[in-house]
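Undergrad: Using the numbering used here, read the sequence shown as starting at 937 and increasing by one per residue.
This is the structure I want to talk about, given as structure tokens.
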Amino acid sequence: MKKTVFFLLTVFLFCNFIVKSQNQDFKWVAGISGTYTYYGNVSANVIKDKNSFQIPKFNVARYISKGITLDGSIILSTINGIEGFFTNSFHYFSVDFTGRYDFGLSNENLVPYAGFGFGFVGAPSTVKTAKTSISLNAVAGGTFWFSSNWGLNAQFVFKRLRHSAIKMLTNTQLSFGLVYSFEKRVLNYRIWDKKH
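Below, the structure written as structure tokens:
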């Protein structure tokens, strides 16, 4: 398991060189958020948890061209829970890579997107025979830029994993957090500012 985690962290750090963006003028963006993961009713008997919260989730990505962005993220569980609010039965860990399309709205203050990708999900410690799983991911979300450098990002992810191995159950995730653009964005473009 340690070798797998080391490999995934190495891959993730490498992806810092191809980091998060919204358009050809503002290529580099990084983000941090909190994540809610829902495993479904079946999970209570398998992994001893129906849902969990993860803090933090780190994102980095880079705009490629024509509305396409490559995104990398890592989710860590740094807390076991908050008394009276939630308790995690195990520490969730994943590294994900996604190709996103922003529908040609890269220059807007509100930038919706959708995409597909894959990830590596760590084995839950509540299942002794569990191993790291590979997931296929479907993503939808959006970023609202409230200043030239800062924005709010919300994202939904559906992760499809192999049930036969009972490594980790298919799950859905909701995340919400802050993103930072390393280049200043121009908010509320005027018609003559837009590229043709």
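Note that beta-carbon positions come from the ideal geometry of N, C-alpha and C, so glycine has one too.
To test your reading of the DSSP string, which unbroken beta strand (DSSP E) runs of 3 or more residues are found completely within the segment 1046 to 1118?
TA: Fully enclosed beta strand (DSSP E) runs of 3 or longer: 1046 to 1057, 1069 to 1081, 1086 to 1096, 1107 to 1117.
Undergrad: Look at the Cβ atom of Thr1062, then the Cβ atom of Phe1026, and state whether they are nearer than 7 Å.
TA: Contact: yes.
Undergrad: So what's Val996 in DSSP terms, helix, strand or just coil?
TA: DSSP places Val996 in strand when its eight states are reduced to three.
Undergrad: Classify Ile1018 as buried or exposed, calling it buried when 16 or more other Cβ atoms lie within 10 Å of its own Cβ.
TA: It counts as exposed.
Undergrad: Pull up the CB-CB distance for Phe994 and Ile968, whole angstroms please, since I reckon it's below 8 Å.
TA: Confirmed, Cβ separation roughly 6 Å.
Undergrad: Decide if Leu1046 is buried, meaning its Cβ has at least 16 other Cβ atoms within 10 Å, or exposed.
TA: The residue is exposed, with fewer than 16 neighbouring Cβ atoms inside 10 Å.
Undergrad: Can you check whether the CB of Phe1092 is closer than 7 Å to the CB of Leu1072?
TA: Not a contact, by the Cβ cut-off of 7 Å.
Undergrad: Residues bridged to Asn987 by DSSP?
TA: According to DSSP, Asn987 bridges with Tyr974.
Undergrad: Can you check DSSP and say which residues form a bridge with Ser969?
TA: The partner list for Ser969 (beta bridge, DSSP) reads Gly1113.
Undergrad: CA-CA distance, Ile991 and Asn1089?
TA: Roughly 15 Å separates the two Cα atoms.
Undergrad: Quick check on the DSSP output: the beta strand (DSSP E) that includes Leu1006 runs from which residue to which?
TA: That run of the beta strand (DSSP E) goes 1004 to 1011.
Undergrad: So what does Val1031 bridge to, in DSSP terms?
TA: Paired residues: Ile1010, Phe1056.
Undergrad: So, Thr1221 versus Arg1096, is the Cβ gap smaller than 7 Å?
TA: For the chain, the structure presents residues 937 to 1132; residue 1221 sits outside this window and is missing.
Undergrad: In or out: Ile983 buried (at least 16 other Cβ within 10 Å) or exposed?
TA: Burial call: buried.
Undergrad: Is it true that the CB of Phe1033 sits closer than 7 Å to the CB of Gly1058?
TA: Not a contact, by the Cβ cut-off of 7 Å.
Undergrad: Can Val965 and Val1115 be called in contact, C-beta distance under 7 Å?
TA: Contact flag set, yes.
Undergrad: Suppose the cutoff is 8 Å on Cβ atoms and the five residues either side in sequence are ignored; what does the same chain contact list for Thr1023 look like?
TA: The answer, listed in chain order, is Asn1016, Gly1017.
Undergrad: Looking only at DSSP bridge pairs, what is Arg1036 linked to?
TA: The partner list for Arg1036 (beta bridge, DSSP) reads Thr1005, Gly1051.
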